Each structure stands twice: as structure tokens, then as C-alpha cells.
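Asks: After the C-alpha cells below, expect a handful of questions from me.
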Amino acid sequence: MGSQVKLVLLATSVGEHGISPGLHYFGGVPLINYWVQSLRSCTRLLPVSDKVYVITSPETHGDYLAWASDRVLSAGFPAQNLICTGVSQPSGTPSNALQDLSFALSAEPSLANGYVMVGSLDFFMGVDLPLRPLVEHSVVRGKDTVVFHTPPPGHDMAAHAEVLLDMQATVSVTGAYVNPRIGALDPSPSGQADGTTSTAMAPLVILHRDTLALLPGYAAAEGAATTYGGHPAKQLAAFVRDAVLGA
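First residue of the sequence shown? That's 227 in the numbering used here, and the numbers climb one at a time after it.
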């Protein structure tokens, strides 16, 4: 029996026109559809009815129910896998990724039995999401996985959570990157991206069950959840920094 992996998509915040960003259209389909389409190549996240959950708020739940009820548009996504936190999230209110994820763990206890991929539907992360290699990377190594990208030159790093790589551990004798390791995470960086070495954490992580066990207490405490409200990547970066790198 392989390691259990599940996916939790956070969709509690309200965006433009009173609609969740995950239901905004990109290329003719809602943003969430790109996640659903990418699941086809990741057998560890199938069947969707057992492996994938969308966490909503009272303000977004009805819209996601309407999306799921359109069996063609949603590719048959099960409405019972839409989990509402019950916590009001009016337009303009900062989202709280850590508390939303903590609620998901309490509402669906099976999530805590293996790995959970956590993604935010507040951001468009591309058409063809590499879910399968990310999941295999975590399962094969038995570790948490942080996804990062390189912001364009001159981009304000203060808008991101900066990822500092352990260069000695990640570069082979040929100079190529091999299984990049995280040296540190800075949820409050400053300065501008140089376009080459500056890296920023994406609002997408895979957390091992041992790490997930630490999350409810961390989310309930004053700290990252309030300091970085509205910034899922910053909240997740602070949690991984304190719970994993600082352990």
C-alpha cells in the first residue's frame, strides 16, 4: 500500500466582483479547473472523491456548490468535498491559510494520516500544474516539499516569502541543481529580485503527517496567522520555518 496523499485547496477569500479568485476565468475556464485537469496525471490523488477537498467560507461556498453542480464544467467534482469553515470572510478581509487548513484537518481527520498538498486558489499558478512530480518528490524522500519560483528582475521581494537555498547541499560537482534543499525561509524579505538567485515561495506545499500534527497549535497561537493574514505563502513559510527548519 502506497503512502496516502490528499489535496486541500483553500478557497475562503472573496476577490473581485464578490467572487472567489478560484472561480475567475482564465483561458475560458475557472482557475480551479486547471487543478482538476492536472489531477488526471497524478494517480496518488485519485479518486477525487477520496483525495481532494476545497475549503470554503460562507461567502464562497454557494458559488463553489454551483460550480460543482455543473457536472460538465467541474468534471464531476463531488459537492460533498466542499467543506465550509463557517467563518465569515467578507470581501477585503485577509484570508488565514493556517486556520483554514487547521479547520480542514479537524473536519476531515483522514487528512492527518499521510501527506497533504496544500494549494491556494487565490493565485493562478499555470495551466499544466506538475502535481505528479511534486507528490512523488515528497513520497520518495519522506519529507515536506516547498515549491518556489524566481520573480522577475526588479520585482519587490517584500510581496513574497523568500526562499534561501542551501547551495552546498543542492549543487552537484557538475554545477547542476540536485534536489534543492531549503536553508532558510524569510516571510518578510526586503529589496528587489535580481532575476537569477532570488527565489520566492509559492502558495503550494506538501506537508508530512508529522508536520501536520504541529499545525493546529501553531495556527491557534498569535503570530504568523495574524502577522501575515492575506498572504498564504507567507503564512505557510512562517509555519515551515518554525515547525520544520527550526525543529
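All residues carry an ideal CB built from backbone N, CA and C; glycine is no exception. As the structure is a prediction and not an experimental result, all values here were calculated from the model.
Within the chosen definition, does the stretch 454–470 reach the stretch 434–442 through at least 3 CB pairs nearer than 8 Å?
Replies: Judged by Cβ distances under 8 Å, the stretch 454–470 makes contact with the stretch 434–442, as three or more pairs qualify.
Asks: List the endpoints of the continuous beta strand (DSSP E) containing GLU388.
Replies: As a first step, residue 388 is located in the sequence shown; it is residue number 162 there, counting from the start. 388–391 is the extent of the beta strand (DSSP E) around GLU388.
Asks: Look up ALA439 in the DSSP assignment and say whether it is helix, strand or coil.
Replies: Residue 439 sits at position 213 when you count from the first residue of the sequence shown. It is coil, neither helix nor strand.
Asks: Rounded to whole angstroms, what is the Cα-Cα separation between THR269 and ARG358?
Replies: Residue numbering aside, residue 269 sits at position 43 when the sequence shown is read from its first letter. Residue numbering aside, residue 358 sits at position 132 when the sequence shown is read from its first letter. Roughly 8 Å between the two C-alpha positions.
Asks: From ALA387, GLN306, TRP261 and ASP296, pick the residue whose C-alpha is nearest to that of MET351; which is it?
Replies: Numbered from its first residue, the sequence shown carries residue 351 at position 125. With distances taken between Cα atoms, MET351 lies closest to TRP261.
Asks: Would you call GLN306 buried or exposed, if buried means 16 or more other Cβ atoms sit within 10 Å of its Cβ?
Replies: Mapped onto the sequence shown, residue 306 falls at position 80. So GLN306 counts as exposed.
Asks: Does the Cβ of SER346 have 16 or more other Cβ atoms within 10 Å, making it buried, or fewer, making it exposed?
Replies: Start at 1 with the first residue of the sequence shown, and residue 346 comes out as number 120. That one is buried.
Asks: Work out the CA separation of PRO316 and LYS232 for me, nearest whole Å.
Replies: As a first step, residue 232 must be located in the sequence shown, where it is residue number 6. As a first step, residue 316 must be located in the sequence shown, where it is residue number 90. Distance between the alpha carbons of LYS232 and PRO316: 28 Å.
Asks: Just the Cα atoms here: how many angstroms apart are LEU299 and ASN259?
Replies: Working through the sequence shown from its first residue, we reach residue 299 at position 73. Working through the sequence shown from its first residue, we reach residue 259 at position 33. When rounded, the distance between both Cα atoms is 8 Å.
Asks: Hey, could you find the ends of the beta strand (DSSP E) ILE258 is sitting in?
Replies: Here residue 258 refers to the residue found at position 32 of the sequence shown. Counting along the chain, ILE258 falls outside any beta strand (DSSP E), though it belongs to the alpha helix (DSSP H) covering 257–264.
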